[in-house]
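Student: In my numbering, the protein residues as written are 33 to 582.
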Ligand code: FSO
Ligand code: SF4
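(1) Check whether the Cβ atoms of residue 223 and residue 188 lie closer than 8 Å to each other.
(2) Have a look at residue 576 and residue 372 and give me their C-alpha separation to the nearest angstrom.
(3) With a threshold of 7 Å on Cβ separation, who are the neighbours of residue 166 within its own chain once the five nearest residues in sequence on each side are excluded?
(4) Any idea which residues DSSP pairs residue 488 with across the strands?
(5) Would you report the Cα separation of residue 193 and residue 425, rounded to the nearest angstrom?
(6) If we ignore side chains and look at the alpha-carbon of each, how far apart do residue 114 and residue 421 end up?
(7) Nearest-angstrom Cα distance between residue 88 and residue 141?
(8) Per DSSP, residue 433 forms a beta bridge with which residues?
(9) Thinking C-alpha only, which one of 468, 384, 214 is nearest residue 92?
(10) Can at least three beta-carbon pairs, one atom from the region 237-254 and one from the region 357-374, be found at a separation below 8 Å?
(11) Report the residue from 568, 485, 35 whose alpha carbon sits nearest the alpha carbon of residue 474.
(12) Quick check: the Cα distance between residue 418 and residue 558, rounded to an integer number of angstroms?
(13) Could you spell out the range, first to last residue, of the alpha helix (DSSP H) harbouring residue 376?
(14) Starting from the N-terminal side, write out each stretch of the alpha helix (DSSP H) that is 4 residues or longer and does not extend beyond the region 99-167.
(15) Please work out which residues of its chain come closer than 8 Å, Cβ to Cβ, to residue 550, disregarding the five sequence neighbours upstream and downstream, and give them in chain order.
(16) Pairs of beta-carbons, one from the region 384-394 and one from the region 525-539, closer than 8 Å: are there three or more?
(17) Alpha helix (DSSP H) containing residue 81: first to last residue?
(18) Do residue 303 and residue 326 have their C-beta atoms within less than 8 Å of each other?
(19) Sort 581, 344, 570, 534 by Cα distance to residue 603 and report the nearest one.
(20) Excluding the five sequence neighbours on either side, which residues of its own chain have a C-beta within less than 6 Å of the C-beta of residue 200, listed in chain order?
(21) Just curious, the beta strand (DSSP E) that residue 279 is in, first and last residue?
(22) Restricting to runs no shorter than 4 residues, where is the alpha helix (DSSP H) found entirely within the region 235-308?
(23) Please go through the same chain and pick out, in chain order, the residues whose beta-carbon is closer than 7 Å to the beta-carbon of residue 308, but skip the five residues on each side of it.
(24) Between residue 548 and chain D, is any beta-carbon pair separated by less than 8 Å?
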């Protein structure tokens with residue numbers, strides 16, 4: 033069985049995974065994910081048409097988000113779980129079709145015009161083998177013959193997948209938006225419309241970037257309204273003698289629920305990777321003394337690090353990798369995450385995880401250094417006067433936003449070297465899991481302002497945008513005129529949508545690495561260079577020199 037997937041930075045040989053995914057996705061799972069995307073297109077076509085006639089259904093809108101999120105890199109590797117989602121997709125498509133037809137009848141009388149797109153008439157196969165067989169016919173390459181158009185379609189689809197992840201977190205916090213729901217359907221339906229061309233998909237990709245700012249704003253509001261604005265917080269990286277549960281992923285509400293359910297049970301809760309910023313929320317840190325520390329580094333080191341965490345482990349979003357035998361029996365998944373053989377928790381009852389943690393041995397007393405997080409826009413803007421005075425007096429020469437995802441490739445050392453070489457009169461803003469390359473280094477401060485400011489997760493990119501816009505406002509200039517350089521590391525589709533948001537805001541001269549996306553053709557790259565001066569990273573020395581000269 034073969035596969036083709038090129039949606040993330042790890043794409044084999046820089047072109048695409050064809051035998052098995054570098055991430056661990058096998059051809060069976062790849063086919064099921066391809067079929068899910070195909071089915072979601074059929075669903076989108078009907079939901080979009082129904083909306084045009086004024087009819088909608090929130091269960092359909094939500095399934096679109098969950099379905100797309102499930103196909104993001106390192107989220108759902110479980111064929112049985114994916115088959116369940118395919119059945120739900122098929123049922124939702126039927127529901128959307130009925131909604132369209134009855135809305136049409138209600139408005140115009142008579143039968144609704146038949147939809148001819150093949151995705152709309154997909155009939156689900158009866159068993160797993162049949163689903164895989166269907167999926168093999170609908171890989172990404174089958175979506176367009178023209179490679180440049182396909183490239184633009186892929187940018188849009190991966191942007192939608194990334195936005196779906198953020199929309200899912202926002203919804204879990206009770207935040208939703210009608211315009212966002214409608215856009216998911218409209219944009220995905222367009223990818224099944226053969227009358228659309230290259231510039232239609234470029235335009236929709238920019239719209240996706242814009243819409244994602246709304247989504248990330250909702251997510252931010254959800255976090256802040258429930259847990260308060262993040263405050264700069266020192267987080268221990270060692271362990272203490274007690275039972276422990278390690279939480280990996282991005283979902284803040286999920287860790288809140290787990291903290292509630294573990295209160296007084298003699299269990300400490302540790303964050304892993306992108307969960308680190310949970311410590312900065314007053315509504316968590318001040319409420320739960322058993323939210324103790326952060327364990328390990330970025331996602332790609334889980335194999336090396338998890339065997340050394342003797343407690344229970346739970347993933348609430350990406351990035352899960354094949355669990356080693358040494359910890360497979362104490363790892364759990366939640367939300368859209370899945371791995372065959374890993375116990376999946378559905379809903380909000382974490383008793384099984386708690387039971388497992390209590391059966392596991394204690395963590396050792398092993399103190400470590402502390403790392404800082406919690407420099408969201410509220411915290412940074414609270415010292416804006418100091419920052420602005422520092423820039424005006426020449427004490428702060430430049431800001432570098434060195435942010436994004438981490439990964440396993442050796443080329444990612446670039447980001448450590450870059451951060452180390454940033455001159456002492458410059459401030460580094462960071463976010464997402466790429467920061468583990470340098471967040472244990474000592475950067476000192478400039479007049480009391482730390483030189484390394486961790487804004488939070490990739491989910492907090494909204495905060496980074498607010499900081500940039502506020503600085504531009506204070507200096508009465510555009511973001512592109514600020515002494516601010518964006519040097520990003522990307523890995524999966526959430527990074528794609530954040531890039532689209534930055535491009536929508538008109539931010540130019542962004543550097544991305546460690547390599548350019550395999551799904552961007554030379555012609556599409558030329559377009560991005562001509563319009564945004566987007567470029568690949570080169571060497572830390574050359575990129576620093578160019579940034580400081582600009
Ligand atoms: Fe990293 Fe994974 Fe947060 Fe991504 S843990 S790589 S872009 O999922 O989302 O930064
Ligand atoms: Fe390869 Fe990335 Fe696709 Fe996994 S998600 S199969 S690593 S391109």
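Where is the CB? At the ideal position from N, CA and C, for every residue including glycine. Only a predicted model underlies this, so the values are computations on that prediction, with no experimental measurement involved.
Tutor: In short:
(1) Numbered from 1 along the chain shown, position 191 holds the residue referred to as residue 223. Numbered from 1 along the chain shown, position 156 holds the residue referred to as residue 188. Annotated as proximal: residue 223 and residue 188, with beta-carbon spacing under 8 Å.
(2) By one-based count along the chain shown, residue 576 stands at place 544. By one-based count along the chain shown, residue 372 stands at place 340. Computed Cα separation, rounded: 44 Å.
(3) Position 134 of the chain shown, counted from the first residue, corresponds to residue 166. Counting only Cβ-Cβ distances below 7 Å, and skipping sequence neighbours, we find 67, 157.
(4) Residue 488 sits at position 456 when you count from the first residue of the chain shown. Looking at the DSSP output, residue 488 bridges to 463.
(5) Against the chain shown, residue 193 aligns to sequence position 161. Against the chain shown, residue 425 aligns to sequence position 393. Near 44 Å, if we compare the C-alpha coordinates of residue 425 and residue 193.
(6) Against the chain shown, residue 114 aligns to sequence position 82. Against the chain shown, residue 421 aligns to sequence position 389. Cα to Cα, residue 114 sits roughly 54 Å from residue 421.
(7) Position 56 of the chain shown holds residue 88. Position 109 of the chain shown holds residue 141. The C-alpha of residue 88 lies about 19 Å from the C-alpha of residue 141.
(8) Within the chain shown, the letter at position 401 stands for residue 433. Residue pairing by DSSP places residue 433 opposite 461, 518 in a beta bridge.
(9) As a first step, residue 92 must be located in the chain shown, where it is residue number 60. Ranking the options by Cα distance to residue 92, first place goes to 214.
(10) Touching, no, given that fewer than three Cβ pairs across the two stretches are closer than 8 Å.
(11) For the purposes of this step, residue 474 is taken as residue 442 along the chain shown, with counting starting at 1. That would be 485, whose Cα lies nearest to the Cα of residue 474.
(12) Sequence index remark: in the chain shown, residue 418 carries index 386 (1-based). Sequence index remark: in the chain shown, residue 558 carries index 526 (1-based). When rounded, the separation of the alpha-carbon atoms in residue 418 and residue 558 is 40 Å.
(13) Residue 376 sits at position 344 when you count from the first residue of the chain shown. In the DSSP assignment, residue 376 falls outside any alpha helix (DSSP H) and within the unbroken beta strand (DSSP E) covering 375-377.
(14) Restricted to the region 99-167, the alpha helix (DSSP H) segments that are unbroken, complete and at least 4 residues in length are 111-140, listed in chain order.
(15) Looking up residue 550 in the chain shown gives position 518. Closer than 8 Å at Cβ, skipping near neighbours: 38, 43, 46, 47, 48.
(16) Touching, no, given that fewer than three Cβ pairs across the two stretches are closer than 8 Å.
(17) Counting from one through the chain shown, the residue named residue 81 turns up at place 49. 59-84 is the extent of the alpha helix (DSSP H) around residue 81.
(18) Within the chain shown, residue 303 is the residue found at index 271, counting from 1. Within the chain shown, residue 326 is the residue found at index 294, counting from 1. Yes, the Cβ-Cβ distance between residue 303 and residue 326 is below 8 Å.
(19) This structure cannot speak to residue 603, because the chain is shown only from 33 to 582.
(20) Taking the chain shown and counting its residues from 1, one reaches residue 200 at position 168. Excluding positions up to five away in sequence, the list reads 97, 101.
(21) The residue labelled residue 279 in the question sits at position 247 within the chain shown. Segment 275-280, the beta strand (DSSP E) holding residue 279.
(22) Counting only runs of 4 or more, we get 284-294.
(23) As a first step, residue 308 is located in the chain shown; it is residue number 276 there, counting from the start. Only 267, 326, 405 meet the Cβ criterion.
(24) The question asks about chain D, but that chain is absent: this structure has only one protein chain.
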